[in-house]
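Residue numbers (this note's numbering): 1 to 157.
What follows is the structure, given as structure tokens:
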């Protein structure tokens, strides 16, 4: 495994369930969110549940591309990007968080088998390399974690 891949994995782990410098990790925050509020549209149309599904969707995109899938695609603000999700119970909320954990584990497992050469390899079906997307997954997570934290705080009023 290459040094740059190690940094990407460390960043993914830190923001996901570690002790990041900016505060609380993704899973620590999600575990404090009551399932009863995850469908509320307090600010715009993006609910906490929709944001979590969106994060999952982009992990699935990366996983499929790492497997060489030419066809799978996400269109920003379109196809497969913002799926409608409605959570009706604690069990459904736990299941959604479980999907997020699973995609994180799959991503870490795949990346741990790679070298830094992957970063220069073209993403199947795209005109860019893996470097930019892999180095920004944790940034994407942190961005949406901020939205989730804000929505949770707004609910507490």
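We treat Cβ as the ideally placed atom computed from N, Cα and C, and that holds for glycine. These numbers come from a predicted model, not from an experiment.
Given a threshold of 16 other Cβ atoms within 10 Å of its Cβ, counted over all protein chains shown, does residue i qualify as buried or as exposed?
{"i": "residue 70", "result": "exposed"}
{"i": "residue 114", "result": "buried"}
{"i": "residue 90", "result": "exposed"}
{"i": "residue 120", "result": "exposed"}
{"i": "residue 54", "result": "buried"}
{"i": "residue 10", "result": "exposed"}
{"i": "residue 45", "result": "exposed"}
{"i": "residue 7", "result": "exposed"}
{"i": "residue 97", "result": "buried"}
{"i": "residue 49", "result": "buried"}
{"i": "residue 76", "result": "exposed"}
{"i": "residue 109", "result": "exposed"}
{"i": "residue 88", "result": "exposed"}
{"i": "residue 139", "result": "exposed"}
At the level of alpha carbons, what is the spacing between residue i and residue j?
{"i": "residue 37", "j": "residue 142", "result": "20 Å"}
{"i": "residue 81", "j": "residue 43", "result": "19 Å"}
{"i": "residue 150", "j": "residue 29", "result": "11 Å"}
{"i": "residue 99", "j": "residue 17", "result": "15 Å"}
{"i": "residue 22", "j": "residue 146", "result": "10 Å"}
{"i": "residue 144", "j": "residue 51", "result": "7 Å"}
{"i": "residue 35", "j": "residue 116", "result": "39 Å"}
{"i": "residue 86", "j": "residue 33", "result": "15 Å"}
{"i": "residue 59", "j": "residue 40", "result": "24 Å"}
{"i": "residue 72", "j": "residue 64", "result": "7 Å"}
{"i": "residue 155", "j": "residue 148", "result": "11 Å"}
{"i": "residue 92", "j": "residue 78", "result": "25 Å"}
{"i": "residue 14", "j": "residue 25", "result": "7 Å"}
{"i": "residue 111", "j": "residue 152", "result": "32 Å"}
{"i": "residue 125", "j": "residue 68", "result": "9 Å"}
{"i": "residue 19", "j": "residue 31", "result": "15 Å"}
{"i": "residue 134", "j": "residue 95", "result": "25 Å"}
{"i": "residue 131", "j": "residue 2", "result": "13 Å"}
{"i": "residue 123", "j": "residue 136", "result": "14 Å"}
Identify the residues that DSSP records as bridge partners of residue i: which are they?
{"i": "residue 122", "result": "129"}
>> I'd like the ranges of any alpha helix (DSSP H) spanning at least 4 consecutive residues and lying wholly in the segment 42 to 92.
In response: 48 to 66
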